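Colleague:
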Amino acid sequence: MSIYSSTQQKIAEHLSHDEAVAVSKWTDWHWQLKHSITKIETFEKLLGVKFDDLERRKLDLTLKKFPLSITPYYLSLIDRSNFRNDPVFRQAFPDPQELEIDKCDMADPLAEDSDSPAPGITHRYPDRVLFHVSNVCAMYCRHCTRKRKVGDLDSIPDRDQIRLGLDYIRETTEVRDVLLSGGDPLMLNDAYLDWILTELRQIEHVQVVRIGSRMPVVLPYRITDELVGMLKKHQPLWLNTHFNHPREITSSSKKALHKLADAGIPLGNQSVLLAGINDCPRIIKSLVHKLVENRVRPYYLYQCDLSEGLSHFRTPVGKGVEIMESLIGHTSGFAVPTYVIDAPGGGGKIPLTPNYMISLSTNKVVLRNYEGVIATYKEPDSYKQIFCDRKCDGCDLHLMLEEGEEMDATGIEMLLSDYDETISLTPAGTQRMERRDEC
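Using my numbering, read the sequence shown as starting at 605 and increasing by one per residue.
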């Protein structure tokens, strides 16, 4: 058990009531789920803390509306000496402020239910859909945008339900990108997820499949060799995860990320800007640096949604812009996420960025850089756009969208190439060739 922390060992022994079992089962993701902490008293025993009677009553009221569920692994990351300020604790443990509903709060702020043309499908953007394949999560994040659904229906849609979503995707030929979401798609067993991915791969117009999962953060032991081997069959496959703080990046989460990256699965990360957790330029910069070090591309930094019970997590938009100022130009471009607001009412993601264009005229643009240096960019004096008659099918100008063809090889180059099956070059006019022609 020496590879685990003393906190993890104590938690495992308490939950299993058997030291030998605890040693062998800690990295078993099924064991982790079976022993998820769902009661305040269990949390108190495992962390060695005690809430007073008044706070306990408030917490009990909170859990009646928004349930508690924390994996033993994620619980073990909490700093018991300063747990109230710990970023893991604040993301996983209930807060009575969740019962404070602001006037601007909405049950479904992104209008996902309104933009659902088929069971399990949210179709908001022209060429891609969100496919809800699971109603179950390994942990209930307190800042969840789908907080309205947490604990209401912990289930996995059966094949008949999934087929309805698949039918919609088959019939809607403009869909080229499918994002599997939930809940958490990796709560499905390997065989079931394999079936869904196989069905999607058989749809000709689906070019890319993505999976959104917080498993590498809250239950990295789910990323087994068997799971990775199965996912590897379904390339091109992308996976976005959800790290919000550097403390969530552990040796176990790194191992999970490395397995996925080594399998050739591109990894991205979507963070949420959360007051009192990561609303600090130094924290976000440390997070993105640790992500890229582990081959995860920072994708989005979300402004916290207007879901019910999240007002205590929300920051001013200015805080997000301040953080972006600390990243752009101050670190590698591929380490900078796009800061977005997912517009209320289903408007989709709107990117926000510091203003680097100061002014413009007919032939000059005035810009400033991250240091405050002001520069001008000279526009072309004469820009003659190629006339477009909007008849794309018959375009003979520069609309060439097909994939490029490599040049045909000739001579010895043809014999050396891997893509040409020619095995010999024979001069024309030899007697042998003439005899063949006579036959």
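Quick reminder that beta carbons are idealized off the backbone N, C-alpha and C, glycines included.
No experiment lies behind these values; they were computed from the predicted model shown.
Three or more C-beta pairs closer than 8 Å, one from the segment 742-752 and one from the segment 912-921: is that the case here?
Modeller: The answer is yes - the segment 912-921 touches the segment 742-752, with three or more Cβ pairs under 8 Å.
Colleague: In chain order, which alpha helix (DSSP H) runs of at least 4 residues are fully inside the segment 840-889?
Modeller: Correct list: 855-866.
Colleague: Please report the distance separating the alpha-carbon of V832 from that of T854.
Modeller: As a first step, residue 832 must be located in the sequence shown, where it is residue number 228. As a first step, residue 854 must be located in the sequence shown, where it is residue number 250. Spanning the two alpha carbons is a distance of roughly 19 Å.
Colleague: Buried or exposed: where does H809 fall if 16 or more other Cβ atoms within 10 Å of its Cβ makes it buried?
Modeller: The sequence position of residue 809 within the sequence shown is 205, counting from 1. So H809 ends up on the exposed side.
Colleague: Can the beta-carbon of I815 be found less than 8 Å from the beta-carbon of P789?
Modeller: As a first step, residue 815 must be located in the sequence shown, where it is residue number 211. As a first step, residue 789 must be located in the sequence shown, where it is residue number 185. Yes, these two residues count as a Cβ contact at 8 Å.
Colleague: Buried or exposed: which applies to T802, given that a residue is buried once 16 or more other Cβ atoms fall within 10 Å of its Cβ?
Modeller: Counting from 1 along the sequence shown, the entry for residue 802 is found at position 198. Result: exposed.
Colleague: Under 8 Å by Cβ, that's how I've got I978 and I962 pegged, so tell me the actual separation to the nearest angstrom.
Modeller: Taking the sequence shown and counting its residues from 1, the one referred to as residue 978 is at position 374. Taking the sequence shown and counting its residues from 1, the one referred to as residue 962 is at position 358. With a Cβ gap of about 7 Å, I978 and I962 count as contacting.
Colleague: What is the C-beta distance between V900 and G872, in whole angstroms, given that I count them as a contact (C-beta under 8 Å)?
Modeller: Stepping through the sequence shown from its first residue, residue 900 is reached at position 296. Stepping through the sequence shown from its first residue, residue 872 is reached at position 268. Contact holds; Cβ gap of about 7 Å.
Colleague: Buried or exposed for S606, please, with buried defined as at least 16 other CB atoms from any protein chain shown within 10 angstroms of its CB.
Modeller: The residue you call residue 606 lines up with position 2 of the sequence shown. Low per-residue confidence applies at S606: pLDDT is 46, beneath 50, and the placement is therefore not dependable, though the value from the model is reported in the following sentence. It counts as exposed.
Colleague: Sort D1024, Y772 and L861 by Cα distance to F847 and report the nearest one.
Modeller: Residue 847 sits at position 243 when you count from the first residue of the sequence shown. Minimum Cα distance to F847 is reached at L861.
Colleague: Just the C-alpha distance for A827 and D632, rounded to the nearest angstrom, thanks.
Modeller: Counting from one through the sequence shown, the residue named residue 827 turns up at place 223. Counting from one through the sequence shown, the residue named residue 632 turns up at place 28. It should be noted that the sequence gives Ile, not Ala, for residue 827. Each residue's Cα considered, the two are about 10 Å apart.
Colleague: From S1021 to S610, what distance separates their C-alpha atoms?
Modeller: Locating residue 1021 in the sequence shown gives position 417, where the first residue counts as 1. Locating residue 610 in the sequence shown gives position 6, where the first residue counts as 1. So the alpha carbons of these two residues sit roughly 59 Å apart.
Colleague: Can you list, in chain order, the residues of its chain whose CB lies under 6 Å from that of K863, leaving out five sequence neighbours each side?
Modeller: Position 259 of the sequence shown, counted from the start, is the residue given in the question as residue 863. Correct list, in chain order: I827 and V832.
Colleague: Which residues share a DSSP beta bridge with P902?
Modeller: Within the sequence shown, numbered from 1, the residue matching residue 902 stands at position 298. N873.
Colleague: Quick one: grab the DSSP three-state call for P941.
Modeller: As a working mapping, residue 941 is identified with position 337 in the sequence shown. In the structure shown, P941 sits in coil (DSSP, three-state: anything other than H, G, I, E or B).
Colleague: Under DSSP, the beta strand (DSSP E) around V782 begins and ends at which residues?
Modeller: The sequence position of residue 782 within the sequence shown is 178, counting from 1. Its beta strand (DSSP E) spans residues D781 to S785.
Colleague: Opposite K654 in the DSSP bridges: which residues?
Modeller: Mapped onto the sequence shown, residue 654 falls at position 50. In the DSSP output, where bridge partners are listed per residue, K654 has none listed.
Colleague: From K751 to F670, what does the alpha carbon distance come to, in whole angstroms?
Modeller: Here the question's residue 751 lines up with position 147 in the sequence shown. Here the question's residue 670 lines up with position 66 in the sequence shown. Answer to the nearest angstrom: the Cα atoms are 8 Å apart.
Colleague: Can you check DSSP and say which residues form a bridge with L801?
Modeller: For the purposes of this step, residue 801 is identified with residue 197 of the sequence shown, where counting begins at 1. Answer is none; L801 lacks a bridge partner.
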